[in-house]
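Okay, so here's the structure we're looking at.
Number of protein chains: 2
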Amino acid sequence: MKRAVVLLSGGLDSTTTLAICRADGFESYALSFRYGQRHEREVPAARKIAKSLGAKEHRIARIDLRVFAGSALTAEIEVPKARSAPEMARGIPVTYVPARNTIFLSYALAWAEVLGATDIFIGTNAIDYSGYPDCRPEFIRAFEKLANLATRAGVEEGACFQVRAPLISLSKAEIIRRGISLGVDYSLTHSCYDPTSTGLACGACDSCQLRLKGFREAGLVDPIVYAT
Amino acid sequence: MKRAVVLLSGGLDSTTTLAICRADGFESYALSFRYGQRHEREVPAARKIAKSLGAKEHRIARIDLRVFAGSALTAEIEVPKARSAPEMARGIPVTYVPARNTIFLSYALAWAEVLGATDIFIGTNAIDYSGYPDCRPEFIRAFEKLANLATRAGVEEGACFQVRAPLISLSKAEIIRRGISLGVDYSLTHSCYDPTSTGLACGACDSCQLRLKGFREAGLVDPIVYAT
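Chains as they are written, first to last, in the numbering used here: chain A, 1 to 228; chain B, 229 to 456.
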């Protein structure tokens with residue numbers, strides 16, 4: 001069975017991606033991060049998801065992204081709430097974490113190399129998303145090129161790394177339908193950037209709004225509980 | 229004054245690079261890592277060096293690279309000693325840490341973006357080096373391309389990131405001569421992969437051997453103390 005590393009935040013997109021990875025016949029190695037995110041609640045969610053979707057291993061790397069701050073997700077900057085669709089479409093929001101996906105993919109690459117894997121799955125999406133630059137197809141392609149030049153596997157063994165982003169051109173509703181068809185239990189997932197102290201999703205941040213819109217458009221009810 | 233982020237391990241190459249960064253007129257922001265390296269002694273060395281070379285700030289990010297192991301520098305794998313030059317030339321050694329420079333540069337990119345800097349200095353060298361794939365010019369160029377696609381600065385502000393590797397085509401002797409001319413105090417630097425419990429350099433690992441050869445070829449005496 002071919003191995004693949006899957007970046008698993010514990011949110012809706014990465015969970016669906018893990019289910020796709022398995023359905024594509026890979027033995028999946030899930031990787032999560034504690035990076036000082038205000039919504040660290042996603043990490044225990046990821047642990048349950050990895051188990052429920054039969055990941056072969058799940059590792060959680062503790063890394064420090066607060067060292068530079070610069071984002072509403074890692075510093076004392078307010079998470080924007082109840083933004084309209086045109087507001088969301090206007091540029092990259094303060095929840096952008098500088099170079100986050102570059103850092104996450106670099107770690108995935110390191111683990112892939114140790115495992116002898118050449119496939120890395122990431123749940124980035126460039127349709128119903130927050131406009132983050134490191135979610136776009138051209139970023140993913142550039143990382144693949146880098147990966148082949150950066151590693152012993154690429155240089156000595158001619159390994160050709162593939163960064164698979166199966167959700168990149170799907171709408172949120174399509175992602176949810178795909179996940180449901182693969183048996184994903186979305187009640188386990190956590191998407192909110194700014195949960196309440198008891199762990200409930202706020203329902204108003206960009207991430208909650210995109211998620212709720214997705215379920216609405218898919219004609220389904222989101223199984224998680226919202227604070228509002 | 230233009231800002232630049234400098235990757236500073238505390239070794240001979242990165243120290244010289246910091247001196248060059250300053251001589252080139254940049255305000256320098258030095259970045260080091262505790263990543264579970266067996267030679268963590270390099271981190272306090274980096275602290276003294278950053279101070280002595282007038283870095284504006286020095287940050288130390290604590291990140292976990294032991295989570296995947298895979299290298300003699302982060303796992304219980306023996307560091308090779310007393311290898312001959314032809315042995316060293318034969319492929320990538322076990323001291324290679326998977327994706328390390330990709331991870332380090334990703335962090336440097338994150339900090340650069342927060343600082344509004346577009347220049348990143350790295351002390352990689354492709355002449356007197358250990359054959360690591362992520363030290364070569366093609367790797368550096370691929371990372372620059374990625375950086376421009378990965379960041380808000382690159383996408384929204386048209387920033388053009390430059391990864392400067394001023395040592396890349398110098399011999400170790402040339403690096404040392406350059407550093408001396410810039411006032412570098414090499415007694416502060418630590419290069420050994422496998423120091424003794426009291427912090428002395430072993431004199432036999434690849435890194436010690438390349439360093440000693442450099443000083444010899446430069447007609448200078450290495451000011452640090454060796455165990456043998």
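Each residue gets a CB set at the ideal place from its N, CA and C atoms; glycine is no exception. A quick note: this is a predicted structure, and the numbers were derived from the prediction, not measured.
Examine chain A for any beta-carbon lying closer than 8 Å to the beta-carbon of residue i, and answer yes or no.
i: B:E385; result: no
i: B:A247; result: no
i: B:F371; result: yes
i: B:T323; result: no
Which bits of chain A does residue i rub up against, with CB to CB less than 7 Å?
i: B:T352; result: Per Cβ cutoff of 7 Å: no residues; B:T352 is ~12 Å from chain A at best.
i: B:P326; result: A110, E113, V114 and T151
At 8 Å on the CB atoms, spell out the chain B contacts of residue i, in chain order.
i: A:P44; result: Those do not exist, as A:P44 stays about 18 Å from chain B at its closest Cβ, beyond 8 Å.
i: A:I92; result: R380, V383 and E384
Under the assumption that residue i contacts residue j (Cβ atoms under 8 Å), give the Cβ distance between them as a whole number of angstroms.
i: B:V391; j: B:I331; result: Not a contact, Cβ separation roughly 14 Å.
i: A:S32; j: A:G123; result: So it is not a contact: roughly 12 Å between Cβ atoms.
i: A:C205; j: A:V97; result: Actually they are not in contact, since the Cβ atoms of A:C205 and A:V97 sit about 14 Å apart, beyond 8 Å.
i: A:A46; j: A:Y29; result: No, A:A46 and A:Y29 are not in contact; Cβ-Cβ is about 13 Å, not under 8 Å.
i: B:N353; j: B:L410; result: That belief does not hold up - the Cβ atoms of B:N353 and B:L410 are roughly 16 Å apart, past 8 Å.
i: A:P195; j: A:R41; result: 5 Å
i: A:I176; j: A:L220; result: 6 Å
i: B:I305; j: B:P361; result: At roughly 19 Å, the Cβ-Cβ gap does not stay under 8 Å, so B:I305 and B:P361 are not in contact.
What would DSSP say about residue i, mapped onto helix, strand or coil?
i: B:Y263; result: coil
i: A:Y193; result: coil
i: A:A50; result: helix
i: B:I291; result: strand
i: A:E76; result: coil
i: B:K309; result: strand
i: A:Y307; result: In this structure chain A extends from 1 to 228, so residue 307 of chain A is not present and cannot be described.
i: A:Y186; result: helix
i: A:V43; result: helix
i: B:R364; result: coil
i: A:S28; result: strand
i: B:D241; result: helix
i: A:S120; result: Residue 120 of chain A is actually Ile in this sequence, not Ser. Reduced to three states, the DSSP call for A:I120 is strand.
i: A:L200; result: coil
Contact criterion: CB-CB distance below 8 Å. Does residue i meet it with respect to chain B?
i: A:D194; result: no
i: A:D185; result: no
i: A:D134; result: yes
i: A:T102; result: yes
Applying a beta-carbon distance threshold of less than 9 Å, which residues of chain A neighbour residue i?
i: B:F389; result: Here the premise fails: no neighbours, minimum Cβ distance about 11 Å.
Kindly list, in the order they appear in chain B, the residues whose Cβ is closer than 7 Å to that of residue i.
i: A:T189; result: Within chain B, no residue comes near A:T189; the closest Cβ sits about 23 Å away, beyond 7 Å.
Applying a beta-carbon distance threshold of less than 9 Å, which residues of chain B neighbour residue i?
i: A:F121; result: None at all; the shortest Cβ gap to chain B is about 17 Å.
Interface residues of chain A around residue i at Cβ under 8 Å?
i: B:F367; result: L146, L149 and A150
Is residue i near the ligand GTP, in the sense that its beta carbon is under 7 Å from a heavy atom of that ligand?
i: B:V271; result: Only the bare structure without any ligand can be found here, which leaves the ligand GTP out of the picture.
### Query
Using a beta-carbon distance cut-off of less than 7 Å, what residues from the stretch 104 to 118 of chain A approach chain B?
S106, Y107, L109, A110, W111, E113 and V114
#### Entry: Residues of the stretch 290 to 313 of chain B whose Cβ lies closer than 8 Å to any Cβ of chain A, in chain order
R290, I291, D292, L293, V295, F296, A297 and G298
#### Entry: Chain-ordered residues of the stretch 260 to 289 of chain B with a beta carbon less than 7 Å from chain A
Residues of the stretch 260 to 289 of chain B whose Cβ lies closer than 7 Å to any Cβ of chain A, in chain order: R287 and A289.
### Proximal residues, the stretch 200 to 214 of chain A versus chain B, C-beta separation under 7 Å
none
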